[in-house]
Amino acid sequence: MKTLLKLMLLVKEVKFMDKQKVKMTIINLAIIGSLILAFTSGIRIT
Amino acid sequence: MVYDGIIIALIVGFLRKGNLQGIADLRLKAGYIFPFLLLLQIIIYIFQGRFEFLATISGTIFMVIYILGIYFLWQNRHHPGFLLIIAGVLMNFVVMALNGGRMPVSEAAAMVIDPHYIDVLKNGIYAKHVLLTENTVLPLLADIIPLSSPYPRSRVISIGDIFMSIGAFYFIQYLMVTLKHENTSKTNVTSKGGEVHG
């Protein structure tokens with residue numbers, strides 16, 4: 755239920771953004787994610 | 004854990020009535036370098052088992068990647084949370100550098116994940132890890148912290164990973180919540196100013 759609520763919040767948020775903003779959000783999240791994944795040491799990351 | 008931390012940070016950001024505007028507007032200096040450095044590591048993970056030469060120099064390559072990463076993270080240190088991320092990366096870097104370019108993993112802690120990983124570590128190389136032994140230097144900063152149930156994803160992490168998690172969480176909260184409030188305040192000031200002069 756909570757997950758559904760969170761997903762709904764995300765969809766609502768994305769719905770009101772223009773395509774360029776959505777694209778930049780995805781790119782920036784990918785950059786943040788990759789910088790974290792690249793330097794974390796947790797053994798099960800690959 | 005750090006990867007999960009980003010998802011948790013996004014969810015918490017939404018629950019705190021934040022938005023994605025700050026993330027969309029984010030401009031990291033040389034941000035493109037981070038996916039490239041990750042890709043480079045993945046390529047090494049894949050091929051180090053096939054080419055002995057690559058396995059031999061992989062520790063050095065990891066160290067070069069970390070140094071480059073720290074340099075570019077430092078270029079972005081003005082972003083909230085980045086100093087914590089840098090501290091975490093530095094901790095991982097130091098312990099790896101002191102142990103041949105690979106992150107030592109505690110066998111006892113690794114018991115929480117698939118024993119297959121321990122076998123692989125004992126018999127060869129896996130990703131950027133090596134089994135922690137009595138000869139390991141600075142074991143405190145190695146992968147010694149097991150995460151298991153009730154945490155949904157069993158894994159072993161380091162103190163540096165925890166610092167990185169907190170830094171990333173704080174950074175995303177800043178982008179989603181704090182920046183939104185700052186922008187809202189600026190907009191209100193501008194419109195009030197307009198009313199006065201209008």
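Chains X and V supply the protein sequences, listed in that same order. Under the working numbering, think of the first position of the first sequence as 755, with each following residue one higher. Under the working numbering, think of the first position of the second sequence as 4, with each following residue one higher. Just so you know, even glycine gets a beta-carbon here, dropped at the ideal spot from N, CA and C.
query, result
"DSSP beta-bridge partners for histidine 132 of chain V?", "V:Met106 and V:Tyr129"
"Can you list the residues of chain V that lysine 775 of chain X reaches, using a CB-CB cut of under 7 Å?", "Ala27"
"Please confirm whether serine 152 of chain V has its beta-carbon closer than 8 Å to some beta-carbon of chain X.", "no"
"May I ask you to verify whether the stretch 782 to 790 of chain X touches the stretch 24 to 39 of chain V, counting CB pairs closer than 8 Å and requiring at least 3?", "yes"
"Does the distance from the C-beta atom of isoleucine 128 of chain V to that of glutamine 51 of chain V stay below 8 Å?", "yes"
"Classify lysine 32 of chain V as buried or exposed, calling it buried when 16 or more other Cβ atoms lie within 10 Å of its own Cβ.", "exposed"
"So that I know if they touch, is there some Cβ in chain X lying closer than 8 Å to that of alanine 171 of chain V?", "yes"
"Exposed or buried, what is serine 161 of chain V when buried is set at 16 or more other beta-carbons lying within 10 Å of its beta-carbon?", "buried"
"Report the CB separation of valine 115 of chain V from proline 155 of chain V in whole angstroms; it is logged as a contact under 8 Å.", "That pair is no contact at about 13 Å."
"From the DSSP output, which residues share a beta bridge with aspartate 772 of chain X?", "Per DSSP, none; premise fails for aspartate 772 of chain X."
"Counting contacts by CB-CB distance shorter than 8 Å, is serine 188 of chain V in contact with chain X?", "no"
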